[in-house]
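Everything on this sheet refers to the single structure shown next.
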Amino acid sequence: MSFSIESIELRLIRLPLREPFRISSGVEVERRILLLGLTDVSGASVWAECVAGAAPNYSPETVETAWMAIEAWLAPRVLGREFESPGDLDREINRNIRGHNMAKAALEMGSWGLVATMEGVSLSALLGGTRDQVETGISLGIQESPELLVEKARAALAGGYRKIKVKIQPGADTDYVGAVRAALGEDIAIMADANSAYTLADIEVLQQLDRMGLLMLEQPLAWDDLTRHAQLQRLIETPICLDESITSLDRAEDMLSLESGRIINIKPGRVGGFTTSIAIHDLCRGAGVPVWCGGMLESGVGRSYNVALASLPGFTLPGDLSPSARYWEEDVVEPEWTMDDGGLVTVPTTSGLGVEVRQDRLDELTERQQVLSA
Ligand code: OSB
Ligand code: MG
369 MSFSIESIEL RLIRLPLREP FRISSGVEVE RRILLLGLTD VSGASVWAEC
419 VAGAAPNYSP ETVETAWMAI EAWLAPRVLG REFESPGDLD REINRNIRGH
469 NMAKAALEMG SWGLVATMEG VSLSALLGGT RDQVETGISL GIQESPELLV
519 EKARAALAGG YRKIKVKIQP GADTDYVGAV RAALGEDIAI MADANSAYTL
569 ADIEVLQQLD RMGLLMLEQP LAWDDLTRHA QLQRLIETPI CLDESITSLD
619 RAEDMLSLES GRIINIKPGR VGGFTTSIAI HDLCRGAGVP VWCGGMLESG
669 VGRSYNVALA SLPGFTLPGD LSPSARYWEE DVVEPEWTMD DGGLVTVPTT
719 SGLGVEVRQD RLDELTERQQ VLSA
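Numbered according to the working numbering, the sequence shown spans residues 369 to 742.
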């Protein structure tokens, strides 16, 4: 179905996390989240989420650069123009505008949400999803001590999570992962995510981690590296999973040909949206490479999009798709996202996002807003 975006509302909200989330490159206490409200000429509207952080410690983008890119370059490309499909919009916003993937993704994913709403189908159905439930894993931030981490990991397992991801950094790695492995036993799916905290000079620690039976080791080396990851993958048996390094379909192809890793964490925001996410999914599926859906501490809005993506058939490993209560006292959507005691999140089958965005809650949390129109 064709669509034409008449206005784009930019809304920066502040959403306090229930507990600080620490990774090797920084800590988040309160998320600052850029939401986009897209309205079609027909009157249909939808919210979308930009996953850029407050600081450029995950990728070069931030909420401020995303706001600027949308206002200055992306919105003028799309407002008032008719598109045949989200893929058509994707081509338009990528022509001679380099980078700014998270800003582009918010707009591109929102266009899928808009079309799903207008067609009265679920986002999952529009994307080609085949699952009615998706498996969930938890991502545990770096804790004060291995004991505290073990406590959190035990609680997560008891809560139903199907995969325990432990954030690591030099000085908080083998002791932490080893303690979780010892406490949970050999059969539990445990993985570690370094968010680029190591170099090849740390090979000894990486080889110790390699002996801990991890499901995968996520992004141990530099955020934009493929070559050294390929060297490392030859030295360890644990599959390397790339996150930060996979910013496009080309980078995914490079990972396969260089053998820089054996698994991809697909975050639609990082790769510029759903069109590229699906292309990476299809590539990996054809190559027998598992993918899973990563998370960026999204609000309930972003979660709708991630859950829909994770319902595609190639997403064969549990995603970072925790329920609302893991992150927030109160989410911005109704109903909030939940997980059953077997670690499954139900994929909505109703029209559009499958949840209502609470305008009252957005108003309460808004730091800044602006409406751009054709
Ligand atoms: O590397 O996957 C990551 C959060 C912020 C930045 C980077 C990452 C993460 C997570 C969060 O791991 C996972 C989630 O949203 O539950
Ligand atoms: Mg990661």
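In this text, a Cβ means the ideal position worked out from N, Cα and C, and glycines have one as well.
S427 in three-state terms, based on DSSP
The count along the sequence shown starts at 1 and reaches residue 427 at position 59. In the structure shown, S427 sits in coil (DSSP, three-state: anything other than H, G, I, E or B).
The ligand OSB: which residues have Cβ under 6 Å from any of its heavy atoms, chain order?
I391, Y426, S507, D561, N563, D611, G662, G663, M664, L665, D688 and S690
For E487, which of S672, T718, L740 and V725 has the nearest alpha-carbon?
Translated into the one-based positions of the sequence shown, residue 487 becomes position 119. Of the listed residues, the one whose Cα sits closest to E487 is T718.
What is the rounded straight-line gap between the Cα of V713 and the Cα of N462?
Position 345 of the sequence shown holds residue 713. Position 94 of the sequence shown holds residue 462. Cα to Cα, V713 sits roughly 33 Å from N462.
Have a look at L624, D500 and T430 and flag the residue whose alpha-carbon is nearest the alpha-carbon of M470.
Start at 1 with the first residue of the sequence shown, and residue 470 comes out as number 102. The option with the nearest alpha carbon to M470 is T430.
Minimum C-alpha distance to G670 - residue among G509, V725 and D622
Taking the sequence shown and counting its residues from 1, one reaches residue 670 at position 302. Cα-wise, what sits closest to G670 is V725.
Between which two residues does the beta strand (DSSP E) harbouring G394 extend?
Within the sequence shown, the letter at position 26 stands for residue 394. Segment G394 to D408, the beta strand (DSSP E) holding G394.
Endpoints, the alpha helix (DSSP H) within which A526 is located:
What you label residue 526 is simply residue 158 of the sequence shown in a count that begins at 1. Start and end: P514 to A526.
Exposed or buried, E666, counting other C-beta atoms within 10 Å across all chains shown (16 or more means buried)?
Against the sequence shown, residue 666 aligns to sequence position 298. So E666 counts as buried.
Quick one: what's got a C-beta closer than 8 Å to R596's C-beta in the same chain, skipping five residues either side?
As a working note, residue 596 is residue 228 in the sequence shown. Cβ within range, chain order: T567, L568, L589 and A590.
At a cut-off of 6 Å, is E359 close to the ligand MG when judged by its beta-carbon and the heavy atoms of the ligand?
The question about residue 359 has no answer, for the chain in this structure spans 369 to 742.
Among the residues of its own chain, which have a CB less than 8 Å from the CB of E374, if the five just before and after it don't count?
If you number the sequence shown from 1, residue 374 lands on position 6. Only T407, D408, V409, L447, G448, S741 and A742 meet the Cβ criterion.
Taking its Cβ as the centre, do 16 or more other Cβ atoms sit within 10 Å of L603, making it buried, or is it exposed?
For this step, residue 603 is matched to residue 235 along the sequence shown. With fewer than 16 Cβ atoms within 10 Å of its Cβ, L603 is classed as exposed.
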